[in-house]
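In UniProt numbering, the protein residues as written are 1 to 190. We put the CB at the ideal spot given by N, CA and C, even for glycine.
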């Protein structure tokens, strides 16, 4: 493979190849409000045939908190990247949603890439949820014909792209308990 390379992963930091961790390779890590992660993951698990999850959201939420799902435990996942801020640029989904232009500039600076304002504008336009959902290179629609998904009745890979959808799934009490659980090991990310 030629360099530089871009590798997308959901692995915990400690599971990245040692060569990646020791080489000083630059890593971009995007985290999200844990409640939204849980909701998004629930819909993903219902859609993907490898998971075929058919339980309730409450059951899924409890499994998420216990760390009994693939890519969990969530708190340790986030904490692992936050502890390596010398080579990892940690960005929140909420920051990207609020001001993509600033995030694009921050990423370019971290990677040592010069961008014109026209470049930034083009990247902002092409990374909007609407454009990415319509783009066959980013929307994973090919999964439907590959048999990886159980059909669109469970939704699509790129579902809503919003911040705060957790409010449709958590009561106020459940939300507070979830945040308390998250903050036991990970400092407030908001």
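Counted within 10 angstroms of its Cβ, other Cβ atoms place residue i as buried (16 or more) or exposed
i: residue 88; result: buried
i: residue 34; result: buried
i: residue 190; result: In this prediction, residue 190 has a pLDDT of 43, which is less than 50 and means its spatial position is unreliable; nothing more can be read from the coordinates.
i: residue 86; result: exposed
i: residue 64; result: buried
i: residue 36; result: buried
i: residue 22; result: exposed
i: residue 45; result: buried
Candidates the options, of which the one nearest residue i by Cα
i: residue 42; options: 28, 98, 55, 134; result: 55
i: residue 31; options: 86, 129, 10; result: 10
i: residue 99; options: 128, 114, 78, 80; result: 128
i: residue 160; options: 179, 130, 184; result: 130
i: residue 121; options: 103, 135, 133, 84; result: 103
i: residue 60; options: 28, 177, 78, 39; result: 39
i: residue 16; options: 171, 84, 170; result: 84
i: residue 80; options: 173, 28, 5, 53; result: 28
Spatial distance of residue i from residue j (CA atoms)
i: residue 108; j: residue 62; result: 38 Å
i: residue 3; j: residue 14; result: 23 Å
i: residue 126; j: residue 116; result: 15 Å
i: residue 74; j: residue 67; result: 7 Å
i: residue 188; j: residue 24; result: Legend: pLDDT at residue 188 = 48, less than 50; position of this residue unreliable, value from coordinates given subsequently. Each residue's alpha carbon lies about 27 Å from the other.
i: residue 26; j: residue 7; result: 11 Å
i: residue 70; j: residue 101; result: 32 Å
i: residue 97; j: residue 91; result: 11 Å
i: residue 105; j: residue 111; result: 10 Å
i: residue 166; j: residue 175; result: 8 Å
i: residue 137; j: residue 82; result: 29 Å
i: residue 164; j: residue 182; result: 16 Å
i: residue 57; j: residue 162; result: 19 Å
i: residue 77; j: residue 119; result: 32 Å
i: residue 184; j: residue 72; result: 15 Å
i: residue 132; j: residue 114; result: 24 Å
i: residue 170; j: residue 180; result: 14 Å
i: residue 135; j: residue 19; result: 33 Å
i: residue 53; j: residue 168; result: 19 Å
i: residue 48; j: residue 93; result: 23 Å
i: residue 172; j: residue 12; result: 30 Å
According to DSSP, residues forming a beta bridge with residue i
i: residue 90; result: 29
Cutoff 9 Å: residue i Cβ touching any chain C Cβ
i: residue 58; result: Of the protein chains in this structure there is only one, and it is not chain C.
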